[in-house]
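Data first, discussion second: the structure below is written as structure tokens.
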Amino acid sequence: SDMKGGIAAMLAAVEAVKKAGVSLRGDLKLSFVPDEEIGGQAGTGCLAELGLMRGKAALVGEASGINRVCVAHKGALWLEVAVKGEAAHTCMSHKAVNAVEKAAKIIVELGKLKEGFKAKATRTPMLSGHENPIMNVGGVIRGGVKANIVPELCVFTVDRRLIPEENVEEAEAEIVSLIEKMEKEDPQLQAEVKRILHVEAAFTPENEEICRVLVEAAEKVAGVKPQISGLPVFTDMHFFSQHMPSAIYGPGVLEKAHAADEYVPVEELVASAKVYALTILKMLA
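Adding 108 to a residue's 1-based position in the sequence shown gives its number in this note's numbering.
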């Protein structure tokens with residue numbers, strides 16, 4: 109499954125290269141980390157902070173599918189918006205401030221902002237249908253304590269996904285300025301915005317050696333030239349791409365990720381291991 113499939117294929121490839129007795133003209137390093145799903149700061153991010161991010165190229169084993177080499181991924185910005193109100197009994201609601209109603213107004217305006225994303229499309233390779241920025245509002249939402257009490261607090265999340273042409277700071281500023289404008293127009297609307305997680309988008313030109321070698325290896329194994337694409341999710345590639353050319357290739361498909369009974373076909377594990385081994389030989393042997 110995601111990410112055990114990629115790890116298994118990488119280990120199998122390294123073992124095959126060792127058994128073949130091939131001498132490498134450089135170091136081959138493997139890094140398996142526990143926190144990519146939540147930002148990667150304790151794993152790959154820590155390696156970058158310690159100055160250990162040095163090399164000719166990086167290959168990230170996320171699930172791309174064996175017929176796709178990914179040279180980009182989207183970025184992410186997670187925000188928590190806390191809307192404050194004033195509690196009262198329902199019979200005194202005319203003198204209270206309903207935090208949920210105020211939050212609903214913000215959510216409506218964020219929906220209008222999201223409509224504008226249709227006019228933005230990345231020029232970098234990206235999985236078909238995922239070329240635009242997206243935003244999910246209310247993935248987590250909570251507010252109120254009892255049916256007959258006007259809620260004094262409503263908290264909801266925003267998950268904003270960025271195309272490679274965007275950056276986290278500008279995306280956050282756009283949302284914050286929208287809320288600040290609403291606060292000026294409605295003195296009873298008070299909201300605090302807190303950043304939970306941020307990951308910049310990543311992109312490597314497809315003419316870089318690691319990308320070309322992966323394409324050649326995948327074509328040799330599968331018999332079909334792989335698609336050059338990008339992932340609509342974030343990975344640890346963004347840490348590597350700041351220091352060296354990087355690409356994504358691994359067993360499994362996005363449609364099965366995080367789904368019930370998640371799995372990776374055995375034939376994809378074998379094919380990915382072969383592609384990894386060929387890539388190692390081409391880059392280092």
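Here a beta-carbon is modelled for each residue, glycine too, at the ideal position from N, C-alpha and C.
For clarity, every value in this text was computed on a predicted model and none was experimentally measured.
Judged by their CB atoms, GLU188 and LYS289 are not nearer to each other than the 7 Å cut-off.
By the neighbour-count definition (other C-beta atoms within 10 Å, threshold 16), ASP135 is an exposed residue.
With 16 or more other CB atoms across the displayed protein chains lying within 10 angstroms of its CB, ILE174 is buried. By the C-beta criterion, the segment 226-236 is judged to be in contact with the segment 262-278, since at least 3 inter-stretch pairs fall below 8 Å. CA-to-CA, the gap between LEU286 and ILE356 works out to about 35 Å. Nearest to GLN296 by C-alpha distance, out of LEU185, VAL208, GLY183, CYS178, is VAL208. By the 16-neighbour rule on beta-carbons within 10 angstroms, GLU317 is exposed. Less than 7 Å separates the beta-carbon of MET345 from that of SER354. Counting along the chain, the unbroken alpha helix (DSSP H) around LYS292 starts and ends at 276-293. Nearest to VAL263 by alpha-carbon distance, out of GLY193, MET391, ALA325, ALA326, is GLY193. Contact annotation: the segment 324-338 does not touch the segment 142-151, with fewer than three C-beta pairs closer than 8 Å. According to the DSSP assignment, ILE304 belongs to the beta strand (DSSP E) that extends over 298-307. In the DSSP assignment, the residues bridged to LYS192 are LEU261, GLN298. Under DSSP, MET118 shares a beta bridge with no residue. Where ALA180 is concerned, the enclosing beta strand (DSSP E) starts and stops at 176-181.
VAL191 and ALA211 do touch by the CB rule: their CB atoms are close to 4 Å apart, below 8 Å. Counting only the Cα atoms, ALA381 lies some 5 Å from ALA121. It is roughly 10 Å from the alpha-carbon of ASN315 to the alpha-carbon of VAL323.
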